[in-house]
Each structure stands twice: as structure tokens, then as C-alpha cells.
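Colleague: First the structure, then my questions, so here it is.
Numbering (the numbering used here), first residue to last: 233 to 391.
As C-alpha cells, then:
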């Protein structure tokens, strides 16, 4: 009898812990409705957006200021990424945008680097200075091929 009560208490505590974690995560990553009055919706075109998804963070100076709200292909097969940021953050029209990885194998996010233009982006605007996502396997292939080239140059024929 006592063992059954202990199992019930542990089971209930586990369910409560899982439920609390899910509620906490939902609150942490809750995404506001795109196009709200306090949001700025902007677009950028990329050749590669590997690993980026809707809901990915948009950062400025390492601080989260928005999220990726949509992704699609245009008629020339470029990836069009739409992101929503806080309207209170003024961005020049020559702001650059890049897709980066959190650590070596972490999640992808969008990084904004403000330019020097006086004119500011308006909702619906497009950023033209983009840098595609770096795919880790492509980077490793490049490192390996550079190693082969270096070995080929340094290798001495047998005598």
C-alpha cells in the first residue's frame, strides 16, 4: 500500500514537471502575431538557408530582436526569408543580414548588421546585402581538400 502511494506521488510529480516544462517553453518561445502594430516585417533573399526555419531567432548585437516568420521560394528559386522584428529598433536601409550557427553544430539564426544610411527600413522592405548559411559539411570538405593540397605540395618523391 505504501509503495503504491509513493509510485502515485512520483508519477504525479513527473507529469507536473513535464507539463510545467512544456508551459515554460511555450511561454519562452511564444511568437507574436506577424504584422502587429509594434512589429516591422522585412524580407531578404538568399541562395542557401540550410538549417534555418520559421521561428528561428533574429539577432542584433547578440540580442534577440525578432524571429523568422515565413520562408518561401521566389520565381528564380531564391529563398525568401521574411522576419518580424520590434519596430522600436531603427534599421538603416543598407543593413546587412547573414545566417549564422550557434556554435559548431547549434541552431541557425539570422544576424543583422546595421549600415550607415540615414534612411530607415519600413515594414515590407527588403534587405539586399545578404550572406548565405554555411553548411558544416561543406566547410569540412573545404578543410579536407586544403589538407590534401598542402600534403601534395609538401610530399617528397621516394628516393
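For each residue, glycine too, the CB sits at the ideal point set by N, CA and C.
In the stretch 244-331, which residue ranges form an unbroken beta strand (DSSP E) of at least 3 residues, counting only runs that do not cross its ends?
Modeller: 271-278, 289-292, 295-305, 311-318
Colleague: By the 10 Å Cβ neighbour count, where 16 or more other Cβ atoms means buried, how is residue 315 classified, buried or exposed?
Modeller: That one is buried.
Colleague: Please identify the residue among 254, 373, 324 whose C-alpha is closest to the C-alpha of residue 357.
Modeller: Nearest in C-alpha terms to residue 357, of all of 254, 373, 324, is 324.
Colleague: Indicate the three-state DSSP secondary structure (helix, strand or coil) for residue 380 in the structure shown.
Modeller: helix
Colleague: Can you give me the C-alpha to C-alpha distance between residue 298 and residue 352, rounded to a whole angstrom?
Modeller: 17 Å
Colleague: Contact check, residue 328 vs residue 361 under 8 Å by CB: the rounded distance?
Modeller: 4 Å
Colleague: Spatial neighbours of residue 334 within its chain, please: CB distance less than 7 Å, with the 5 preceding and 5 following residues excluded, ordered by chain position.
Modeller: 341, listed in sequence order.
Colleague: Out of 384, 344, 306, state which residue places its alpha-carbon closest to the alpha-carbon of residue 293.
Modeller: 344
Colleague: Could you tell me the alpha carbon to alpha carbon distance between residue 282 and residue 313, rounded to whole angstroms?
Modeller: When rounded, the distance between both Cα atoms is 12 Å.
Colleague: Once you ignore the five residues that flank residue 263 on each side, which residues in its own chain have a CB closer than 7 Å to its CB?
Modeller: No answer about residue 263 holds up, because its pLDDT of 46 lies below 50 and its placement is not dependable.
Colleague: Could you tell me if residue 271 is buried or exposed, where buried requires 16 or more neighbouring beta carbons within 10 angstroms of its beta carbon?
Modeller: buried
Colleague: Would residue 278 pass as a contact of residue 364 if the rule is Cβ separation under 8 Å?
Modeller: Less than 8 Å divides the Cβ of residue 278 from the Cβ of residue 364.
Colleague: Could you tell me the distance, in whole angstroms, from the CA atom of residue 235 to the CA atom of residue 251?
Modeller: Approximately 24 Å, taken between the alpha carbons.
Colleague: Look at the alpha carbon of residue 276 and the alpha carbon of residue 308, and state the distance between them as a whole number of angstroms.
Modeller: Rounded to the nearest angstrom, the two C-alpha atoms are 14 Å apart.
Colleague: Please classify residue 284 as buried or exposed, where buried requires at least 16 other C-beta atoms within 10 Å of its C-beta.
Modeller: Under this definition residue 284 is a buried residue.
Colleague: For a test of the three-state rule: what should DSSP assign to residue 345, helix, strand or coil?
Modeller: strand
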